[in-house]
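For what it's worth, numbering that gives the first Met the number 0 labels the leading residue of the sequence shown as 0, then goes sequentially.
Beta carbons are placed, not taken as given, at the ideal position from N, Cα and C, and that holds for glycine.
Owing to the predicted nature of the structure, the values given are computational and were not obtained by experimental measurement.
Structure, as structure tokens:
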Amino acid sequence: MSCADLLFELGTEELPAGQLTIMAEALCEGLCEGLKNKGLQFDSSRWFATPRRLAVYVTGLTLTAPAIERELVGPPVASAKDIDGNWTPAALGFARKHGVAAEDLLPIDTDKGQRLGLHITEAGSVAKDVLPELVQQAVAGIPVSKRMRWGRSRDEFLRPVQWLVLLLGDEPLTLSLYGCDAGRISRGHRFHHAADVVLNSASEYEDKLFQAKVIANFEVRQAKIKAQVEALANEAGARAVIDLALLAEVTGLVEWPVAMMGSFDQQFLEVPAEALISSMKEHQKYFHLLGEAAQLLPKFITVANIESKDPSQVIAGNERVIRPRLSDAAFFFETDKQTPLNQRLKRLEGVVFQQKLGTLADKTGRIMGLTQHISAIFNADPDNSARAAKLCKCDLVSEMVLEFPELQGIAGAYYARYDGETDAVADAVEQHYWPRFAGDQLPLSADARAVALADRLDTMVGIFGLGQIPTGSKDPFGLRRAALAIIRILIAQRSTVSLSQLTAWAEAQYAPGVLSATVSTDVVEYIVDRLRAFYEDQDIAVEVLRAVTVTGNTSPTEIDARVHALHAFAGSEASVALASANKRVANILNKAGQAISGQADEVLMQERAERALFEALEKTSAALDPLLISEDFTGALNALAQLRGPIDAFFEGVMVNTDDDALRLNRLQLLGALRAQFLRVADIAEMATR
Numbered sequence: 000m001s002c003a004d005l006l007f008e009l010g011t012e013e014l015p016a017g018q019l020t021i022m023a024e025a026l027c028e029g030l031c032e033g034l035k036n037k038g039l040q041f042d043s044s045r046w047f048a049t050p051r052r053l054a055v056y057v058t059g060l061t062l063t064a065p066a067i068e069r070e071l072v073g074p075p076v077a078s079a080k081d082i083d084g085n086w087t088p089a090a091l092g093f094a095r096k097h098g099v100a101a102e103d104l105l106p107i108d109t110d111k112g113q114r115l116g117l118h119i120t121e122a123g124s125v126a127k128d129v130l131p132e133l134v135q136q137a138v139a140g141i142p143v144s145k146r147m148r149w150g151r152s153r154d155e156f157l158r159p160v161q162w163l164v165l166l167l168g169d170e171p172l173t174l175s176l177y178g179c180d181a182g183r184i185s186r187g188h189r190f191h192h193a194a195d196v197v198l199n200s201a202s203e204y205e206d207k208l209f210q211a212k213v214i215a216n217f218e219v220r221q222a223k224i225k226a227q228v229e230a231l232a233n234e235a236g237a238r239a240v241i242d243l244a245l246l247a248e249v250t251g252l253v254e255w256p257v258a259m260m261g262s263f264d265q266q267f268l269e270v271p272a273e274a275l276i277s278s279m280k281e282h283q284k285y286f287h288l289l290g291e292a293a294q295l296l297p298k299f300i301t302v303a304n305i306e307s308k309d310p311s312q313v314i315a316g317n318e319r320v321i322r323p324r325l326s327d328a329a330f331f332f333e334t335d336k337q338t339p340l341n342q343r344l345k346r347l348e349g350v351v352f353q354q355k356l357g358t359l360a361d362k363t364g365r366i367m368g369l370t371q372h373i374s375a376i377f378n379a380d381p382d383n384s385a386r387a388a389k390l391c392k393c394d395l396v397s398e399m400v401l402e403f404p405e406l407q408g409i410a411g412a413y414y415a416r417y418d419g420e421t422d423a424v425a426d427a428v429e430q431h432y433w434p435r436f437a438g439d440q441l442p443l444s445a446d447a448r449a450v451a452l453a454d455r456l457d458t459m460v461g462i463f464g465l466g467q468i469p470t471g472s473k474d475p476f477g478l479r480r481a482a483l484a485i486i487r488i489l490i491a492q493r494s495t496v497s498l499s500q501l502t503a504w505a506e507a508q509y510a511p512g513v514l515s516a517t518v519s520t521d522v523v524e525y526i527v528d529r530l531r532a533f534y535e536d537q538d539i540a541v542e543v544l545r546a547v548t549v550t551g552n553t554s555p556t557e558i559d560a561r562v563h564a565l566h567a568f569a570g571s572e573a574s575v576a577l578a579s580a581n582k583r584v585a586n587i588l589n590k591a592g593q594a595i596s597g598q599a600d601e602v603l604m605q606e607r608a609e610r611a612l613f614e615a616l617e618k619t620s621a622a623l624d625p626l627l628i629s630e631d632f633t634g635a636l637n638a639l640a641q642l643r644g645p646i647d648a649f650f651e652g653v654m655v656n657t658d659d660d661a662l663r664l665n666r667l668q669l670l671g672a673l674r675a676q677f678l679r680v681a682d683i684a685e686m687a688t689r
């Protein structure tokens, strides 16, 4: 079977670095999916992405897809001819539709009986014929955040399209897109290679571009940048901090990376390191350097998109650009220190948190009230946690945070220490924002955790109380992230306080009538629902979680202990049998037609099996009490596992739905006691679906 390599390149003006890989991957996936749908097989595919191009390279593409055997089914054989043996209109119409005589139709067995039909062979798709359309479809499927027009054309794309390449082996294919005609001519580096790059075949792509000072492979370019940055840092006896997101962004900004080291004035190191790093990283895309003691050094590494004949000029230019940014940070820091955090509380009254929920000053008051409750159950220092709660939002009105929002909390900790606050208070001011994202570090102290929990609970209860529950991708207040943080903090603190209690405290901080009547219930349900994602990340089945939460438990710490115990128990033979038995018990009780209450009477028990189950339940109940008090849920499940034999014997030898009403009720009460016994740990009937 004849094969060839395929290359498609979309050349543009400079694309946004942050969207580069997403667009390239989408283009590759779209084109490959189109090839598969046409039956065109290939060996491998790869995408390329630089600031000026997106490309897809497919190897071993079959030039023609295999022929397709199809079966066409028409009218039933029984109604194909009339009583005189003539073809009916239905049969004649079917034959005419497919260009054959009625006599050529064959009987075909189907699940609806014999029908007239045809076996036909359709020629497979020819690659060069279908590729232009497939490329157009793949390009149309590229996710583009904001489209633009250029020139007089009404075509729209993220950036103006400048050239196209479409090669199948060494043959250029006809394609017109965005006012450009595809060919075999690509372009090299904007400055180092202004001439056209002529591609004789698709396989030349990567090598020819490299000769033209373009490293088209994103991963190769990224690895080269990392190696260059690390090499420069090693030469300076330092360690470069290579943030992966920054590395990816820098990779998306250059086609021919050249790393260079610059420096800034030593005096700027008096400014909080986080502010300097933010200036270098966020605004200039520089990599910062650390010394042997992990202290910030007055140096940085930048990555240019050009091999300069005079690198010192490029370095000097970068040093000149960063200096005003660092000067601003130094000025803000010195200015902010003149006003203690405590004196900024008044300014919080002028900053709206949410129109109906008041200002940041109002939110601070609620956090303080809620922290008082939480610090008591967390065994936190009441003075430190109260002070941190009071100061935690004050840096939001500082010049530093207004200029560098990512320093909220961090700046507050610096100013708190400068004001003479204790380290515990300063740490809590900074750490109450932790975790900032999934997988981020939790606050380290009980004081910080108390304030962090209070802050998130206040936001969730307030926003939910206004009916603004997150939907789809819209979550402006980060409530999904807040819910997971609440779960993680409570579990880490090992506090068994329930979500119901916490939300009740949070709701009490608001004036009557501000929030909806169901806000506490809504917030608890939402947070419990987020547990699913929390445990999916730990490869714990949703049935295990549901078995615990259907009992109404809303303490994340206790839920976590029960879930992990049940998860371990779920792999045993006993768990399968007991889950099935519990499911059977639940069904029997649900079908009883009445609420079953009261204790079973041993005197009414006639069968040995029901008396044995009754005695086993009493024994297990006594064993469960100390185990549950000590939260030994693994031990509790093992104790319940001892009921397996008596349960099996009961269902084998006892008729529950007997005609004797008193006997039937007594047996239902016994099953009710059995179910209640298990519900003290979890409703393992939910596990029967596993």
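{"query": "Nearest to Leu390 (by Cα), restricted to the options His372, Asp418 and Asn378", "result": "Asp418"}
{"query": "Proximity of Leu30 and Val57 at Cβ, strictly below 9 Å", "result": "yes"}
{"query": "Cα-Cα separation, Glu402 to Val680", "result": "52 Å"}
{"query": "Inter-residue spacing [alpha-carbon to alpha-carbon] between Asp242 and Ser202", "result": "34 Å"}
{"query": "Straight-line gap, Ser152 to Gly178 (C-alpha atoms, nearest Å)", "result": "7 Å"}
{"query": "Cα-Cα separation between Arg689 and Gln598, rounded to whole angstroms", "result": "Low per-residue confidence applies at Arg689: pLDDT is 46, beneath 50, and the placement is therefore not dependable enough to give any value."}
{"query": "Proximal residues to Gln467 (C-beta, below 8 Å), its chain only, five neighbours per side dropped", "result": "Phe476"}
{"query": "Own chain partners of Ala137 with C-beta closer than 7 Å, once the 5 adjacent residues on each side are dropped", "result": "Leu26, Gly29, Leu30 and Gly33"}
{"query": "Val76, enclosing alpha helix (DSSP H) - first and last residue", "result": "Taken as a continuous stretch (DSSP letters only), Val76 belongs to no alpha helix (DSSP H), as it is neither H nor E."}
{"query": "Cβ contact (3+ pairs, closer than 8 Å) linking the region 495-512 and the region 459-474", "result": "yes"}
{"query": "Reduced DSSP secondary structure (H/G/I, E/B, other) of Tyr56", "result": "strand"}
{"query": "Where Arg189 sits in the DSSP three-state scheme", "result": "coil"}
{"query": "Straight-line gap, Ser472 to Ser571 (C-alpha atoms, nearest Å)", "result": "40 Å"}
{"query": "Exposed unless 16 or more other CB atoms sit within 10 angstroms - verdict on Ala274", "result": "buried"}
{"query": "Reference Arg365; option with closest CA among Ala388, Gln354 and Ala379", "result": "Ala388"}
{"query": "Bounding residues of the beta strand (DSSP E) (the contiguous stretch that carries Ile107)", "result": "Leu105 to Thr109"}
{"query": "In DSSP terms, what His118 is bridged to", "result": "Glu70"}
{"query": "Continuous beta strand (DSSP E) assignments of at least 3 residues falling wholly in the region 432-456", "result": "none"}
{"query": "Buried or exposed (CB count within 10 angstroms, at least 16 for buried), Gly150", "result": "exposed"}
{"query": "Span of the alpha helix (DSSP H), counted from its first residue to its last, around Cys2", "result": "Here Cys2 belongs to no alpha helix (DSSP H); instead the beta strand (DSSP E) covers Cys2 to Thr11."}
{"query": "Endpoints, the beta strand (DSSP E) within which Ser494 is located", "result": "No beta strand (DSSP E) contains Ser494, which DSSP labels as neither H nor E."}
{"query": "Identity of the residue in Arg189, Trp255, Gln221 and Ala247 nearest Phe209 by Cα", "result": "Trp255"}
{"query": "Candidates Ile82, Asp559 and Ile486, of which the one nearest Val523 by Cα", "result": "Ile486"}
{"query": "Where the alpha helix (DSSP H) containing Phe330 begins and where it ends", "result": "Pro310 to Asp335"}
{"query": "Same chain only: Cβ atoms within 6 Å of Gly59, ignoring 5 sequence neighbours per side", "result": "Cys2, Phe41 and Asp42"}
{"query": "contact_flag[the region 349-364, the region 286-301] where n(CB pairs < 8 Å) is 3 or more", "result": "no"}
{"query": "Classification of Phe436 by the beta-carbon crowding that lies within 10 angstroms, buried from 16 upward", "result": "exposed"}
{"query": "Assigned exposure category for His188 - 16 Cβ within 10 Å defines buried", "result": "buried"}
{"query": "Buried versus exposed, by CB contacts within 10 Å (16 or more), Arg52", "result": "buried"}
{"query": "For Ile305 and Phe217, believed in contact at Cβ under 8 Å, the rounded distance", "result": "Incorrect: roughly 19 Å between the Cβ atoms, too far for contact."}
{"query": "DSSP-derived helix/strand/coil call for Leu697", "result": "Since the first residue of the chain shown is 0 and the last is 689, residue 697 is not available in this structure."}
{"query": "Alpha helix (DSSP H) segment containing Arg610, residue limits", "result": "Arg607 to Ile628"}
{"query": "Closest Cα partner of Pro645 within the set Leu565, Ala89 and Arg610", "result": "Arg610"}
{"query": "Selected residue, minimal CA-CA separation from His171, among Tyr534, Asp128, Asp154 and Phe352", "result": "In the sequence on display, residue 171 carries Pro and not His. For the residues Tyr534, Asp128, Asp154 and Phe352, the minimum Cα distance to Pro171 belongs to Asp128."}
{"query": "Cβ-based neighbour list, Leu483, same chain, cut-off 7 Å, excluding 5 preceding and 5 following", "result": "Ala437, Arg529 and Phe533"}
{"query": "Span separating the alpha-carbon of Ala101 from that of Val196", "result": "59 Å"}
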